[in-house]
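Novice:
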Amino acid sequence: MSFLFCLFFAIQTISTEGEIFLLLNGDSDPITFSSYRLTNPDRIVLEADSSFLESAEAVGDMVKEVKKSVKNGSTRFIFYVEPETQYTILNRKNVIIVGFSRQIFVNNIEFEPLYSGFVDKQNQELLAKKREEEARLAEMKRIEEEKRLAEEKRLEEERLAKAKIEEEKRLAEERRLAEERRIAEEKRREENEKAMVAALLGNLETEEKRIAEEKRIAEEKRIAEEKRIAEEKRIAEEKRIAEEKRIAEEKRIAEEKRIAEEKRLAEEKRLAEERSKIEKKKAIATENGEVRSLKVVKAEKEKPLSETMAHLPVRKLERKGQLKNIFFRRFPEFSRITVEVDGDIDYQFREIIGGFVIDVNNFSKVPKRLLNIIDARAFKAEVTYIYPQKSDENRLKIYIKTKDGMAVRKSEEGKYINFDFFKPTLEE
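Per numbering that gives the first Met the number 0, the sequence shown starts with residue 0, numbered consecutively.
Below is the structure:
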């Protein structure tokens with residue numbers, strides 16, 4: 000019980016070469032969060048409108064100390080880090096993964112492989128603790144078993160001593176009872192022999208009647224079975240005759256259709272020859288020969304595909320997410336970038352030199368109109384430029400240039416994902 004408590008109430012970490020990733024499990028879906036950087040000392044602040052089970056403790060050499068506080072249903076994590084430590088945040092539903100690195104996160108990091116790593120590590124820790132607990136329980140069980148065997152041995156010795164005395168008494172009593180039973184058995188045998196002679200004479204007649212009755216019942220069953228088999232053969236023969244009649248009828252109908260089709264084709268051929276003769280008479284003579292008069296032939300109606308093809312089951316393909324639009328709005332205290340999506344997508348938010356970048360993964364199509372640069376300098380906002388760029392077939396990078404010291408807050412409203420940029424304030 001103590002191991003499970005520690006596992007699910009401590010921050011789970013995965014360390015790679017030069018990188019540390021932390022897993023935070025919230026109780027709301029989706030989670031609205033914000034993050035920003037503070038100095039003197041260097042620290043990263045993560046605020047989320049959710050409750051978390053994870054406790055606050057140091058998680059590595061780059062993250063020297065972690066403080067956690069809860070206020071009005073909102074949780075704040077403060078990560079005290081080494082100078083120039085970079086960070087990135089991945090989010091899906093009620094899970095947040097925070098990554099720290101001494102270098103700027105350049106490569107794309109996907110949520111699913113990281114989350115699978117946390118699950119594998121948790122399973123390994125559970126398995127190790129389970130094995131330790133099983134070994135401890137086995138040792139306790141062995142000690143208890145030794146005590147139980149010693150006690151059983153002592154009790155067995157006492158029981159054997161008492162049993163020996165009781166056994167001697169029992170044997171004497173059994174010998175007495177055996178003698179009494181022998182005498183009674185001899186008397187009973189004599190009486191049974193007399194009764195058996197009388198019963199045999201009376202039962203002989205009864206047995207003959209029973210055998211005769213069994214023969215009668217067996218004969219009736221045999222006759223009934225022969226009738227059932229004959230009935231089944233009759234029904235099968237009627238079905239066979241009916242099937243032969245049906246097949247003959249189908250052949251007759253098919254033959255009539257074939258003869259009717261041959262007559263129709265012959266009639267069409269005859270009419271075509273007659274029309275050809277009439278048109279030839281109407282032909283216009285020229286120096287180069289005869290010019291046949293043109294005629295308009297009505298095209299036969301083409302059968303739709305549904306009539307010529309067999310019906311196939313329709314399988315609905317799983318739809319990838321689709322990026323519909325990107326909005327920018329200026330509010331009195333913050334600037335908001337809104338991404339409108341249709342379907343499920345993965346995205347990664349991380350800090351870079353001079354601003355931030357949002358890596359949007361797993362989408363099917365991006366309209367070309369959304370790849371234009373958005374210049375927000377005229378708004379005198381926290382955001383100055385928004386530069387969407389498609390990096391490959393299924394990945395879009397949204398580069399966001401901001402003023403120095405900006406913080407970001409993420410929230411979701413149905414198909415809209417909001418990123419708010421603002422100047423942070425920290426209440427200690």
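Cβ atoms here follow ideal geometry from the backbone N, Cα and C, with glycine treated the same way.
Determine the direct distance from the alpha carbon of R175 to that of L136, and round the result to whole angstroms.
Specialist: 54 Å
Novice: Alpha carbon to alpha carbon, what distance is there between R245 and T307?
Specialist: With a pLDDT of only 47 at T307, under 50, the local geometry of the prediction cannot be trusted, and the value read off the model is given with reservation. Approximately 26 Å between the Cα atoms of the pair.
Novice: Between the alpha carbons of F355 and E109, how many angstroms are there, rounded?
Specialist: 17 Å
Novice: So what does DSSP say about K389, is it helix, strand or coil?
Specialist: Strand.
Novice: How is V296 classed by DSSP in three states: helix, strand or coil?
Specialist: In this prediction, V296 scores a pLDDT of 44, lower than 50, which makes its location untrustworthy; no coordinate-derived value is stated.
Novice: For F333, collect the residues of the same chain with a Cβ closer than 8 Å to its Cβ; drop the 5 residues on either side in sequence, then sort them by chain order.
Specialist: E381, R408, D419, F420 and F421
Novice: Y384 bridges to which residues according to DSSP?
Specialist: D374 and K400
Novice: Could you tell me if M195 is buried or exposed, where buried requires 16 or more neighbouring beta carbons within 10 angstroms of its beta carbon?
Specialist: exposed
Novice: My understanding is that V69 touches V58, with C-beta atoms under 8 Å, so please give their C-beta distance in whole angstroms.
Specialist: Actually they do not touch by this definition, with Cβ atoms about 19 Å apart.
Novice: Spatial neighbours of A309 within its chain, please: C-beta separation below 8 Å, excluding the five flanking residues on both sides.
Specialist: Residue placement at A309 is flagged as unreliable, the pLDDT there being 47, under the threshold of 50; a coordinate-derived value is accordingly withheld.
Novice: Using a Cβ distance threshold of 8 Å, determine whether the segment 114 to 128 contacts the segment 369 to 385, with at least three qualifying pairs required.
Specialist: They do not touch, by the three-pair rule.
Novice: Taking the CB atoms as reference points, tell me whether Q102 and Q85 lie closer together than 8 Å.
Specialist: yes
Novice: Nearest CA to the CA of Y79: which residue from N202, F330, E111 and K67?
Specialist: K67
Novice: When the Cα atoms are used, what is the spatial distance from E144 to R153?
Specialist: 14 Å
Novice: In terms of DSSP beta bridges, what is A406 paired with?
Specialist: F421
Novice: Answer yes or no: do S27 and E46 have a C-beta to C-beta separation smaller than 8 Å?
Specialist: no
Novice: Taking only three categories from DSSP, how would you classify I10?
Specialist: coil
Novice: Verify the CB distance criterion: does I336 have a CB-CB separation below 8 Å to chain B?
Specialist: Looking at the structure shown, chain B is missing, and only one protein chain is on hand.
Novice: May I ask which residues mark the beginning and end of the beta strand (DSSP E) holding Q347?
Specialist: For Q347, the enclosing beta strand (DSSP E) has its first and last residue at D345 to I351.
Novice: Answer yes or no: do D341 and K367 have a C-beta to C-beta separation smaller than 8 Å?
Specialist: Contact flag unset, no.
Novice: Please report the straight-line C-alpha distance between A375 and Y384, rounded to a whole angstrom.
Specialist: 6 Å
Novice: Locate the beta strand (DSSP E) running through E64, then write down its first and last residues.
Specialist: V62 to K70 is the extent of the beta strand (DSSP E) around E64.
Novice: Within a Cβ cutoff of 6 Å, which residues of the same chain sit near L23, ignoring the five residues on either side of it in sequence?
Specialist: Taken in chain order, the residues that qualify are F51, E53 and I95.
Novice: Could you please give the first and the last residue of the uninterrupted beta strand (DSSP E) stretch that includes G354?
Specialist: Boundaries of the beta strand (DSSP E) around G354: G354 to N360.
Novice: Excluding five sequence neighbours on each side, which residues of the same chain lie with their C-beta closer than 7 Å to the C-beta of S390?
Specialist: K396
Novice: Can you tell me the Cβ-Cβ gap for F99 and V62, rounded? I've got them flagged as a contact below 8 Å.
Specialist: 6 Å
Novice: Using the Cβ count rule (16 or more neighbours within 10 Å means buried), how would you classify E350?
Specialist: buried
Novice: Taking the alpha-carbon positions, what's the I141 to K128 distance?
Specialist: Looking at the sequence itself, residue 141 is Arg, so the reference to Ile does not match. K128 has its alpha-carbon roughly 20 Å from the corresponding atom of R141.
Novice: Near I372, which residues of its chain fall below 6 Å by C-beta distance, leaving aside the five closest residues on each side in sequence?
Specialist: Y386
Novice: Using 8 Å for Cβ pairs, my map puts L21 next to T12. What's the rounded Cβ distance?
Specialist: 6 Å
Novice: Note down, in chain order, each residue of its chain lying with its Cβ closer than 6 Å to the Cβ of V296, except the 5 sequence neighbours on either side.
Specialist: For V296, the predicted model reports a pLDDT of 44, less than 50, meaning its position is unreliable; a value from the coordinates is still stated below. So no residue of the chain qualifies.
Novice: Pull up the distance between the alpha-carbon of E166 and that of R158, whole angstroms please.
Specialist: 12 Å
Novice: Check Q321 in the structure and name its three-state DSSP category.
Specialist: strand
Novice: Our contact map puts L113 next to L148 with C-beta atoms below 8 Å; I'd like the distance itself, whole angstroms only.
Specialist: No, L113 and L148 are not in contact; Cβ-Cβ is about 52 Å, not under 8 Å.
Novice: Hey, out of N107, A259, R169 and I228, whose CA is closest to N360's CA?
Specialist: N107
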